[in-house]
Amino acid sequence: MSDPVIEARELAKTYRLGDVEVRALNGVSLIVQHGEFIAVMGSSGSGKSTLMNVLGCLDRPTSGRYLFEGIDVAELAEPELARIRSERIGFVFQSFNLLARTSAVENVALPLFYAGSDSHSERMTRAREALCAVGLGEREHNTPSQLSGGQQQRVAIARALISRPSVLLADEPTGNLDSRTSHEIMETLCSLNREQGVTIVVVTHEADIAAYTNRIITMRDGRVQSDQPNRSVSSEPAGGRTTAVPFRGGLSQAAGSGAAPSRFWAFAAMTLSAAAQALGRNKLRSALTMLGVLIGVAALIAMVAVGRGANEAVRKQIESLGTDLLVVLPGATTTSGVRAGSGSAGNEKTA
Ligand SMILES: Nc1ncnc2c1ncn2[C@@H]1O[C@H](COP(=O)(O)OP(=O)(O)OP(=O)(O)O)[C@@H](O)[C@H]1O
Ligand SMILES: [Mg+2]
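Using the numbering used here, the letters of the sequence shown correspond one by one to residues 32 to 382.
The structure is reproduced here in structure tokens:
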């Protein structure tokens, strides 16, 4: 049998705020198998988001052991963790975190763009497929402001799934949505779990949202208070149909130095391309910024020119004085041994 996607043993996370210690996680043990659909519930401050951050490799636990797809993530350096995050874990947040002036399809393709994989057309094809999977095939050219909250969240789900991660972590994905739209999102997640075998862990406060999942974990004061199958739906995980590809073996290859120069150029090309796209997306802002820069440079040049001109004028004036100039000053007189100042003499003398 394959490794579980997530295996956490006695995870603890303590935040220190001055002298105060906050134990956000206090010995959480958890196993998530491929294809499971899990809800994490609990009151505010019980540690749900902290757990998701640790499971998503966004944060490291203070103590405890965490194996992601059989790999002990505590031993990994930050670049390797970043690679796991970008390739193996999909994140969906309460606020959709989409780029505002960017179309739905470009938002979805973004993770592939930053991963530097595939050509532009391949990225777009995959992004369209992901949008179709969440029922938004027709809206690919719309920007987030042209989509409803539920549609924006479905774009965010498509973006999270574009890299074909082995687990989707959703922290209150329906928190900003009305009840009807929340149910639509949960139905989307449900069908992704059942039809594509995506492993999903979703944080929610709502019992009717948790009712969609196969297993409900309840947290309290940083601990797992209860962990039970949800009897109202089929408890059989969709693990057999999972499309996730095991991650093992990729890390050492990524760390190899041979690929470093090509990775550097790929990164440079990606950065330039991202900059060009950002300029293209914000044409008016880019034009105004360029105008501002031009005005600034022109003003600087003008100031330097005026300074030089003034300098030159003074120099010419001094030169025009010439060497044949005579300055005639009245002399000084001395009366009773006291010398008066220059100009006190009645007769002029040649200096
Ligand atoms: N960065 C941080 N620094 C200090 N304390 C933190 C930090 N993040 C979380 N905490 C604390 O850890 C505890 C758990 O927070 P967490 O965000 O995990 O709760 P939660 O269950 O997600 O709550 P909610 O349902 O309101 O989102 C809280 O007491 C919180 O104040
Ligand atoms: Mg939270």
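Each residue gets a CB set at the ideal place from its N, CA and C atoms; glycine is no exception.
Keep in mind that this is a model prediction, so the values were computed, not measured.
In the DSSP assignment, find the unbroken alpha helix (DSSP H) run with residue i in it and report its ends.
i      : result
Glu106 : Taken as a continuous stretch (DSSP letters only), Glu106 belongs to no alpha helix (DSSP H), as it is neither H nor E.
Arg339 : Lys314 to Leu352
Ser80  : Lys79 to Leu86
Arg190 : Gly180 to Leu192
Arg154 : His151 to Ala164
Phe144 : Ala135 to Ala146
Leu167 : From DSSP, Leu167 is part of no alpha helix (DSSP H); its letter is neither H nor E.
Ala238 : Ala238 to Ala241
Ser210 : Ser210 to Gln227
Can you find a heavy atom of ligand 1 that lies under 7 Å from the Cβ of residue i?
i      : result
Ala55  : yes
Ser126 : no
Gly73  : yes
Ser77  : yes
Tyr97  : no
Leu48  : yes
For residue i, write down the residues that DSSP places opposite it in a beta bridge.
i      : result
Val233 : Ala70 and Ala201
Val59  : Leu42
Glu52  : Arg47
Leu98  : Glu38 and Asp103
Gly121 : Leu199
Thr366 : Val369
I need the boundaries of the beta strand (DSSP E) containing residue i, first residue and last residue.
i      : result
Glu38  : Ile37 to Leu48
Pro260 : Arg254 to Pro260
Arg246 : Arg246 to Arg251
Leu360 : Val359 to Pro361
Going by alpha carbons, who is nearest to residue i out of the options?
i      : options                           : result
Leu310 : Ala363, Val59 and Arg132          : Arg132
Leu42  : Ser373, Asp202, Arg312 and Arg254 : Arg254
Leu162 : Ser77, Ala333 and Leu223          : Leu223
Ile216 : Phe127, Ser194 and Val53          : Phe127
Ser197 : Arg316, Glu100 and Ile326         : Glu100
Ala108 : Val123, Ile120 and Asp90          : Asp90
Gln183 : Glu171, Thr302 and Ile247         : Glu171
Asp239 : Val71, Gly368, Val104 and Leu325  : Val71
Lys79  : Arg190, Glu203 and Arg96          : Glu203
Thr244 : Met301, Gln259 and Thr302         : Gln259
Ala105 : Ser152, Arg262 and Ala39          : Ala39
Ala187 : Ser77, Ser213, Leu129 and Arg262  : Leu129
Gly76  : Phe68, Leu56, Thr156 and Ser60    : Leu56
Leu200 : Ile62, Val233, Glu350 and Ser194  : Val233
Val359 : Gly374, Ile349 and Val369         : Gly374
Ile120 : Glu137, Asp103, Arg195 and Met155 : Arg195
Arg190 : Asp149, Glu137, Ala242 and Ser210 : Glu137
Ligand 3 and residue i: does the residue's C-beta get closer than 7 Å to at least one heavy atom of that ligand?
i      : result
Gly311 : This structure lacks ligand 3; its bound ligands are ligand 1 and ligand 2.
**Report entry** Lining residues of ligand 2 - beta-carbon closer than 7 Å to any non-hydrogen atom, in sequence order
**Finding:** Lys79, Ser80, Asp202, Glu203 and Val234
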